[in-house]
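In our numbering, the protein residues as written are 300 to 558. Ideal placement from N, C-alpha and C gives every residue a C-beta, glycine not left out. As the structure is a prediction and not an experimental result, all values here were calculated from the model.
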């Protein structure tokens, strides 16, 4: 059950980006509608340390194996977390990630729960024809294949029925995606300012993912990820054309979003 407001023990509260009464969302419904309250309530099923360890295994808070210049590691505070952070970290406050890290997370879900090292170059060929393979990290099992595949199915509802699904859908193709609207921290400290980083990340074809696309814009005063949706769709169309992805032949499975 998702209440209109989630009151915290320290007197603070968490609200969603849209006003609502009491809602009956499943986990899929929480993801489809980007409910901060819903994901905060779900977070209580894992303690802080367990959630932190999962985030680390997904690659949050550390540089990727791509090893490109000026790569950022992002920010992931270690627990114990205070009463606000333990909830808000679930929907992205108090933590930051690069677009490459986000792509890595989605590729892990697409790859049935195994995180493959991110790379820019797989090998190099010298003028004399000598081929040198670039060193890479070993794959990491982050979650079970069952868990990853269930999440992938839930993310299809974002496109098939989410608030901006109409802006993301491509007829004939199944796409699993998630929108993102992140407040930018005030450089002077003391909370968040009026700017946002908006994004859409997703995978295609959802029934057997081969490609991950992440589109990120900002800082911007536009506080909705709908602004990134057209670019995401255009990139997906280019991927379909460039790599000749055939249309999906099976319908998306039914995933219940409310009860």
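Whose C-alpha, out of the options, is nearest the C-alpha of residue i?
i: residue 382; options: 496, 416, 347 and 402; result: 347
i: residue 417; options: 364, 532 and 522; result: 364
i: residue 450; options: 554, 425, 362 and 323; result: 554
i: residue 486; options: 403, 378, 518 and 531; result: 518
i: residue 494; options: 476, 500 and 521; result: 521
i: residue 433; options: 422, 508 and 403; result: 422
i: residue 525; options: 467, 557 and 483; result: 467
i: residue 261; options: 457, 513 and 393; result: Given that the chain is displayed from residue 300 to residue 558, the structure contains no residue 261 and the question cannot be resolved.
i: residue 548; options: 408, 506 and 529; result: 506
i: residue 309; options: 351, 385 and 353; result: 385
i: residue 491; options: 456, 528, 408 and 393; result: 393
i: residue 378; options: 354, 370 and 328; result: 354
i: residue 484; options: 374, 431, 445 and 316; result: 374
i: residue 452; options: 551, 430 and 311; result: 551
i: residue 544; options: 510, 529, 445 and 429; result: 510
i: residue 400; options: 444, 366 and 319; result: 366
i: residue 461; options: 317, 316, 396 and 330; result: 330
i: residue 440; options: 523, 403 and 318; result: 403
i: residue 319; options: 326, 311 and 300; result: 300
With a CB to CB cut of under 6 Å and the five nearest residues on each side skipped, what residues in its chain are close to residue i?
i: residue 481; result: 391 and 496
i: residue 442; result: 412
i: residue 508; result: 409 and 502
i: residue 328; result: 556 and 557
i: residue 531; result: 499 and 514
i: residue 397; result: 371 and 373
So, for residue i: in the same chain, excluding its five sequence neighbours on each side, which residues have a beta-carbon less than 7 Å away from its beta-carbon?
i: residue 302; result: 321 and 336
i: residue 372; result: 360, 361 and 362
i: residue 535; result: 469, 474, 503 and 512
i: residue 464; result: 457 and 458
i: residue 315; result: 334, 335 and 336
If I'm right that residue i touches residue j with Cβ under 8 Å, what's the distance once you round it to whole angstroms?
i: residue 324; j: residue 332; result: 7 Å
i: residue 478; j: residue 457; result: 7 Å
i: residue 459; j: residue 389; result: That belief does not hold up - the Cβ atoms of residue 459 and residue 389 are roughly 24 Å apart, past 8 Å.
i: residue 414; j: residue 376; result: 21 Å between Cβ atoms; not a contact.
i: residue 527; j: residue 516; result: 5 Å
i: residue 454; j: residue 476; result: 6 Å
Counting only the same chain and skipping the five closest in sequence on each side, list residues whose C-beta sits under 8 Å from that of residue i.
i: residue 435; result: 364, 416 and 418
i: residue 313; result: 304, 305, 307, 335, 336, 339, 386 and 387
i: residue 546; result: 471 and 472
i: residue 542; result: 509 and 510
i: residue 538; result: 503, 510, 512 and 544
DSSP has residue i in a bridge; who is on the other side?
i: residue 432; result: 422
i: residue 477; result: 500
i: residue 374; result: 395
i: residue 313; result: 305
i: residue 484; result: 491
Let me confirm a value: residue i is counted as buried when at least 16 other C-beta atoms fall within 10 Å, else exposed. Which label applies?
i: residue 471; result: exposed
i: residue 357; result: buried
i: residue 500; result: buried
i: residue 369; result: exposed
i: residue 446; result: exposed
i: residue 430; result: exposed
i: residue 351; result: buried
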